[in-house]
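**Q** So that you can map any letter, position 851 of the sequence shown is 851 in the UniProt record's numbering, and since no number is skipped, the others follow by simple counting.
Take this structure first; my questions come after.
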Amino acid sequence: MRTGWFWWLYVLVGFSSGCAPDPETASRFVVLSPAKTGVRFTNQISENDSVNLVVNEYTYMGGGVGIGDFNRDGLPDLFFTGNQVSSQLYLNRGAFRFEEVTKRAGLQTHNWCTGVSVTDINQDGWPDLYVCTTGAGQTHHNLLFINNGRIEPGGVPTFTESAIAYGLADSGFSTQAAFLDYDKDGDLDMYLLRHKTGAENPNDIRPNTIDPADPSADRLFRNEGTVPGRSAPGRTAHPVFRDVSVRAGIQGGGYGLGIVVTDLNQDGWPDLYIGNDYLGNDFLWLNNQDGTFSNTAPTSLRHQSYSTMGTDAADLNNDGRPDLVTLDMMPATDERKKMMFSFLSFERHELERRAGYAPEFMRNMLQLNVGDQNQARKRVPLFAEVGQMAGVAETDWSWSVLLADFDNDGAKDVYITSGMGRDLINADFVQYRADIPDDPQTGAVGRQRAVRQRLAELGEVPLPNHFYRNRGTTGGTTPRFDDESARIRGAEPALSNGAAYADLDNDGDLDLIVSMLNKPASILENTAPPTDAHAITLRLEGQHPNRQGIGATVRAYAGGQLQTLEQHPVRGFLSTVDDRLHIGLGRATQLDSLVITWPDDRQQTLRHLRADSVYTLRQASATARPADRVQQQVPWLTDVTDQLGVGYRHQETFFNDYSFQRLLPRRYSQPGPYLATADLNADGRTDFYVGGAFRQTGQLGIQQADGRFALQPLLAGLKLEEDTDCLFLDADGDTDLDLLVTSGSVEFAPDSPHYKPRLYRNTGSGRSPRFVLDTTAFPASVRVSTGCVVATDFDADGKTDLFLGGRIVPTRYPEAPRSYLLRNTGPVGQPVHFEDVTARLAPELVTPGMVTSAVWTDTNQDHRPDLVLAGEWMPVRVFVQTPQGTFQDTGTGKNGLAASAGFWRRLAAADLDGDGDTDILAGNMGLNHSFHVSARQPAWLYAADYDDNGTIDPILCHYIRQRDGAYTLSPALTRNQWAAHMPAIRQRFPDNSSYARASLETILPETMRTRARALRCEETRTGYFENRGNGRFMFHPLPDEAQWAPVNALLVADLTADRIPDLLLAGNDYQTEVGQGQQDASYGLLLAGRGRGRYAAVSARRSGLRLPGEVTDLKLVQMRGQQAVLVATNNDRLRVLRVRP
């Protein structure tokens, strides 16, 4: 807290606060005892035959917290919902003292209550309470407690339950309600989030269809206004609500747990994000501005949490757009990870997709709002999921998430509650439950009783809550968070559920209120802000019939920084936060300006607001919204695919790599397509070739005079190869261009002829190319699943030579495949012959690793081509050509590449810093993953045939957090994952518990590691290696946006018309193992060159890039005097982007 205090101001003036506490305090929050606060509400759960997790999976869902000044004394009061106990109201008596007045207020409840919404539903200026109820086998309906506006002795407000009269007595399984003006008619409507219990296994895969009659389907209630004859006798007229769900398009069942209202596409109309538990996907209800909604989650999100619980929306990176956080159950600590049962597998994931479900993965998600895209005349918001990079992905079984500026530094922090009443997904319990038969005497009833008994023996799962401090974006757009949970003084692991924030003592910072199971609710006094951290509080006075100003948006500017807030107090989980808006200013002593847009689109602009003050903003003072004077900038790149008639789509054939090597970290059967470009018919226009998948021929694109491309298949008939890298070259010296196509994947045996490189000689005339396969160009022994091919005349004989980089040995991962240095020995104009000279000229290139990319370049300016290559679990390696024509590895320890072992995807050579020599641009995995890789904490892969069955078993290990907070090297596999491939592991570890507690040395003893092929990775960032001269390089990581996802494709070119080379990056990886989840946060990235090796990310709106999917290649072409970029994407269409001149 801060000892300075606020006066409530009802005019637009303010003053500075007084003294402040010791800035050296280490605490962020202090947990106050019930004896101090008087808050003794305990949401006690007592199990019985009908109340337990076996029959009701939501037994331990807990209750919510509602904040409101119910007696209008200027202090926020507290309302807690109870499950088996009555809900309770606590009046704030000041100085963190509260008095329980539930019975006197008329707020006792007798049903199982869940969420609470605080709103002035009848617009009389007094906050009311809408309480959701649930419970199988109970007669119940939701409760609406109308504040009577009468204060009894002791300042106690009284309430009257009126849900039936208002039309809001829904009797389903309700989770939470949110009030919003969805149709912008001025009054507040209600969205009701619902769930269900019991009848079926909610994770069984069934068609993802819409059923309006589903008992878990959410409901939308429209405010019909005051209806004559519908008001209660003797009471003031009040609104009545009507269910318009089907008419509004709100259909489809889910196990709804999270809800937040926010304007995601910034069109001035409220949208909703709905978090659904279990298999069912989340909903993103985009407001169509006509009284209906469309679910755009499948297109707005690349993936989502599997079992979404709580959710919140706020602008976490201060770019003016609301971002989303959703919670799931992934633990952070090693033992908990290994004890958590997961039914997810590649096979199940594929079945879910075929049943119509969007990709889901079991972890928290931070969906960063990257702007919108016009789709079917809608502005559909797009999100990049960066939770792992941001550091908030793993908080175990979590419920509520709140996004607010708790330390007043101008950046919104994250608070998460966690804990579970029973360890339902304990891997040993799940195995016990699957194995136990029906009781011989009592049948299924006895079995169920035994299951309940075993679950009870495991006990509760109390977990710590998490506080993540937002340390800003460090120059990019990715918020980064530090876990400062340990700085909550007095915190203990617990079963925490609903939570809310409020400035309980009106001192200018936000305190926390947390509802817990089986122990008193917790009050956390904020002690975070130092003396020089300032804030402003806003009270909104809207006009009837929306006196809270629900839906208003505030944009605040201070010190060149923008902050955006929205007035939607239902947030997190089952709860309602303080409806006063809180703006942290950091060291700024005033707010330069503030613009509030009210729900009717009228605006107010206020300037020079002093810090440490409270301001009341009145809608009555607002004026009409000014016309939008912002001129739309023409983006640097525009998609012209349809205009040019490029109709090619890459089409993969399903293949299950894991059937042959169960422990692969990803699939390798879908590597393409790749591109090659050249002027094939000497007409001055760039043509292209794009590779095909298994059973799909590649296509030639011949550019026409109007810039369109005429597509023609390279081959007629069946083609079995999976095309990988390709290039045009004059292999036979006849002055026209031939085509070389390599083959990859793991769909064939290692020595299959389908892995031979294919040279198609151009036998046509200059104006009409015709390609014919040359079956004798390569030795029969050259067969490898190829990662790359690059060409140069390395022996200076006038003929084009090759390097062929081996990617993988099918069924033998991570064994290093053969790579080939191939010299062109065929006489000019005669049949082509490439000779394998690897062993003679470069023995270290025989098996250099799992090569993904290579470039020929003169690294030392001796006018001889050198070879730079990189790959998976490989360092970047530089092979310098000697005067004798051999190639020598310069040694990573000598050339500055010692700590470069990574998961490299693509290389490019260019002078990136303008100093005249060639630097190396390198695409890597990025930072948006769970491996915590660095030179000090590398990831390791130990691979051997441990069970002597002829199959290599790759065991991935990386540094994982332990109970004490330290990170130690540990296998990423659970016992069940290992046992599915190597059953013998069950003999060494009889249960999951013994395995989870074991160290690396016990699981993988030295005898096993000694016989293994050991590979390491210590760098996953994308960046460039600056050529420092004398054979030395220095690594420079690219900006944060380049680290969101793997970079598979690179271009270096001036794309912004300033004569400085820019970088165009694209990628993603949809082939990763399902436990890790697909890495898909990239929509393509333009990095504008600033000179001297400096690059800045260009926003998606400015760049024009919208490249979802797994981009595999980029090529620059000339098109009618302009530049264009060809974009190849796995299992998707080929795109053409025109560059603005």
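All C-beta atoms, glycine included, are put in the ideal place defined by N, C-alpha and C.
#1: What are the uninterrupted segments assigned as alpha helix (DSSP H) that are 4 or more residues long and contained completely in the region 682 to 730, given in chain order?
#2: For V246, does the count of other Cβ atoms within 10 angstroms reach 16, so buried, or fall short, so exposed?
#3: Using the Cβ count rule (16 or more neighbours within 10 Å means buried), how would you classify E1006?
#4: In this structure, what does DSSP give as the bridge partners for G1121?
#5: Looking at I513 and A499, is the spacing between their C-beta atoms short of 8 Å?
#6: Starting from the Cα of D439, find the closest Cα among Y432, R447, R433 and give me that residue.
#7: By the 10 Å Cβ neighbour count, where 16 or more other Cβ atoms means buried, how is D263 classified, buried or exposed?
#8: Three or more C-beta pairs closer than 8 Å, one from the region 370 to 380 and one from the region 390 to 410: is that the case here?
#9: Tell me which same chain residues have a C-beta within less than 8 Å of the C-beta of D866, skipping the five on either side of it?
#10: Since L956 and A984 should fall inside the 8 Å C-beta cutoff, what is the C-beta to C-beta distance between them, to a whole number of angstroms?
#11: Identify the continuous beta strand (DSSP E) that holds D889 and give its terminal residues.
#12: Whole angstroms are fine: how far does the CA of G410 sit from the CA of W269?
#13: Would you kindly work out how many angstroms separate the C-alpha atoms of A796 and H863, rounded to a whole number?
#14: Mind checking whether L574 and V116 have CB atoms under 8 Å apart?
#15: V339 by DSSP, collapsed to three states: which one?
#16: I believe residue 1147 touches G584 by the beta-carbon criterion, under 8 Å. Please report the beta-carbon distance rounded to the nearest angstrom.
#17: Is the distance from the Cβ of G717 to the Cβ of D312 below 8 Å?
#18: DSSP three-state call for R877: helix, strand or coil?
#19: Which value, in whole angstroms, describes the spacing of the CA atoms of R602 and A622?
#20: Can you give me the C-alpha to C-alpha distance between P23 and I1003, rounded to a whole angstrom?
#21: To the nearest angstrom, how far is it from the Cα of Q123 to the Cα of T226?
#22: Please name the residue in V51, N465, C113, D1069 whose C-alpha comes closest to that of G672.
#23: Where N43 and P954 are concerned, what is the direct C-alpha to C-alpha distance, given to the nearest angstrom?
#24: May I ask you to verify whether the region 245 to 261 touches the region 216 to 224, counting CB pairs closer than 8 Å and requiring at least 3?
#25: Considering Cα atoms alone, identify which of D49, Q567, T158, G551 is closest to D578.
#26: Where do the ends of the beta strand (DSSP E) carrying S87 lie?
#27: In the structure shown, what three-state DSSP assignment does E1001 receive?
#28: Considering only DSSP beta bridges, list what E525 is partnered with.
#29: With a threshold of 7 Å on Cβ separation, who are the neighbours of L609 within its own chain once the five nearest residues in sequence on each side are excluded?
#30: On a CA-only basis, which of D793, L606, S994, D511 is nearest E558? Give me that one, please.
#31: Return the chain-ordered list of same chain residues with a C-beta closer than 7 Å to the C-beta of D1132, the five sequence neighbours on each side being excluded.
#32: Where residue 1173 and L715 are concerned, what is the direct C-alpha to C-alpha distance, given to the nearest angstrom?
#33: Which residue or residues does DSSP assign as beta-bridge partners of Y668?
#34: The beta strand (DSSP E) spanning V161 covers which residue range?
#35: Quick one: residues in its chain with C-beta nearer than 6 Å to the C-beta of R40, no 5 flanking neighbours on either side, listed in chain order?
#36: Return yes when the Cβ of G63 is within less than 8 Å of the Cβ of N497, no when it is not.
**A** Put simply:
#1: Correct list: empty.
#2: What you label residue 246 is simply residue 246 of the sequence shown in a count that begins at 1. Result: exposed.
#3: For the purposes of this step, residue 1006 is taken as the residue at position 1006 of the sequence shown. Exposed, since its Cβ has fewer than 16 Cβ neighbours within 10 Å.
#4: Walking along the sequence shown from the start, residue 1121 turns up at place 1121. Its beta-bridge partners do not exist; DSSP assigns none.
#5: Against the sequence shown, residue 499 aligns to sequence position 499. Against the sequence shown, residue 513 aligns to sequence position 513. Against a cut-off of 8 Å, the Cβ pair of I513 and A499 comes out as a contact.
#6: In the sequence shown, residue 439 corresponds to position 439, counting from 1. Selected option, being the one with the closest Cα: R447.
#7: The sequence position of residue 263 within the sequence shown is 263, counting from 1. By the C-beta density criterion, D263 is buried, having at least 16 other C-beta atoms within 10 angstroms.
#8: Contact fails between the region 370 to 380 and the region 390 to 410, because fewer than three Cβ pairs, one in each stretch, are under 8 Å apart.
#9: Along the sequence shown, read from residue 1 onward, the residue named residue 866 stands at position 866. Within the same chain, Cβ atoms closer than 8 Å to the Cβ of D866 are found at W856, T857, D858, T859, N860, V878, F879, V880, Q881, F887, the five residues on either side in sequence being excluded.
#10: On the sequence shown, residue 956 is found 956 positions in, with the first residue counted as 1. On the sequence shown, residue 984 is found 984 positions in, with the first residue counted as 1. Rounded, the Cβ-Cβ distance is 19 Å, inconsistent with contact.
#11: Counting from one through the sequence shown, the residue named residue 889 turns up at place 889. D889 -> beta strand (DSSP E) spans 887 to 889.
#12: Locating residue 269 in the sequence shown gives position 269, where the first residue counts as 1. Locating residue 410 in the sequence shown gives position 410, where the first residue counts as 1. Annotation: W269 to G410 spans about 26 Å, alpha carbon to alpha carbon.
#13: As a working mapping, residue 796 is identified with position 796 in the sequence shown. As a working mapping, residue 863 is identified with position 863 in the sequence shown. Between A796 and H863, the C-alpha separation is close to 11 Å.
#14: Here residue 574 refers to the residue found at position 574 when the sequence shown is read from its first residue. Here residue 116 refers to the residue found at position 116 when the sequence shown is read from its first residue. The Cβ atoms of L574 and V116 sit closer than 8 Å to each other.
#15: To locate residue 339, count along the sequence shown from 1; it is residue 339. Position check: residue 339 holds Met in this sequence, whereas Val was assumed. M339: helix per DSSP, three-state reduction.
#16: A question about residue 1147 goes unanswered here, because the residues of the chain that appear run from 1 up to 1141.
#17: Reading the sequence shown from its first residue, position 717 is the one you call residue 717. Reading the sequence shown from its first residue, position 312 is the one you call residue 312. With contacts defined as CB atoms closer than 8 Å, G717 and D312 fail to qualify as a contacting pair.
#18: Position 877 of the sequence shown, counted from the first residue, corresponds to residue 877. In the three-state DSSP reduction, R877 falls in the strand class (E or B).
#19: As a first step, residue 602 must be located in the sequence shown, where it is residue number 602. As a first step, residue 622 must be located in the sequence shown, where it is residue number 622. As the crow flies, the alpha-carbon of R602 is around 6 Å from that of A622.
#20: The residue you call residue 23 lines up with position 23 of the sequence shown. The residue you call residue 1003 lines up with position 1003 of the sequence shown. Unreliable placement is indicated for P23, whose pLDDT of 45 sits below 50; the coordinate value is still reported in the next sentence. Cα atoms of P23 and I1003: separation of roughly 47 Å, rounded to the nearest angstrom.
#21: Position 123 of the sequence shown, counting from 1, holds the residue named residue 123. Position 226 of the sequence shown, counting from 1, holds the residue named residue 226. Going from the Cα of Q123 to the Cα of T226 covers about 11 Å.
#22: Along the sequence shown, one-based indexing puts residue 672 at 672. Nearest C-alpha to G672: D1069.
#23: Here residue 43 refers to the residue found at position 43 of the sequence shown. Here residue 954 refers to the residue found at position 954 of the sequence shown. Using only the alpha carbons, I get a separation of about 47 Å.
#24: Taking 8 Å as the limit for Cβ pairs, the verdict is that the region 216 to 224 does touch the region 245 to 261.
#25: As a working note, residue 578 is residue 578 in the sequence shown. Of the candidates D49, Q567, T158, G551, the residue whose Cα lies closest to the Cα of D578 is Q567.
#26: Locating residue 87 in the sequence shown gives position 87, counting from the first residue. No beta strand (DSSP E) holds S87; DSSP gives it neither H nor E.
#27: Position 1001 of the sequence shown, counted from the first residue, corresponds to residue 1001. Helix.
#28: Along the sequence shown, one-based indexing puts residue 525 at 525. Looking at the DSSP output, E525 bridges to V30.
#29: In the sequence shown, counting from the first residue as 1, residue 609 sits at position 609. Taking C-beta separations shorter than 7 Å and ignoring five residues to either side along the sequence, the partners of L609 in its chain run G14, I536, Q590, L591, L594, Y615, following chain order.
#30: Locating residue 558 in the sequence shown gives position 558, counting from the first residue. The amino acid occupying residue 558 in the given sequence is Ala; Glu does not appear at that position. Closest in C-alpha terms to A558, from the list D793, L606, S994, D511, comes L606.
#31: As a working mapping, residue 1132 is identified with position 1132 in the sequence shown. Around D1132: R649, H650, G1109.
#32: Outside the shown range of the chain, which is 1 to 1141, sits residue 1173, and nothing can be said about it.
#33: Translated into positions along the sequence shown, residue 668 becomes position 668. DSSP lists no bridge partner for Y668.
#34: In the sequence shown, the residue the question calls residue 161 occupies position 161. Reading off the sequence, residue 161 comes out as Glu, not Val. Element bounds for E161: 156 to 161.
#35: The sequence position of residue 40 within the sequence shown is 40, counting from 1. Here the set comprises P34, P520.
#36: If you number the sequence shown from 1, residue 497 lands on position 497. If you number the sequence shown from 1, residue 63 lands on position 63. Yes, the pair counts as a contact, with Cβ atoms nearer than the cut-off.
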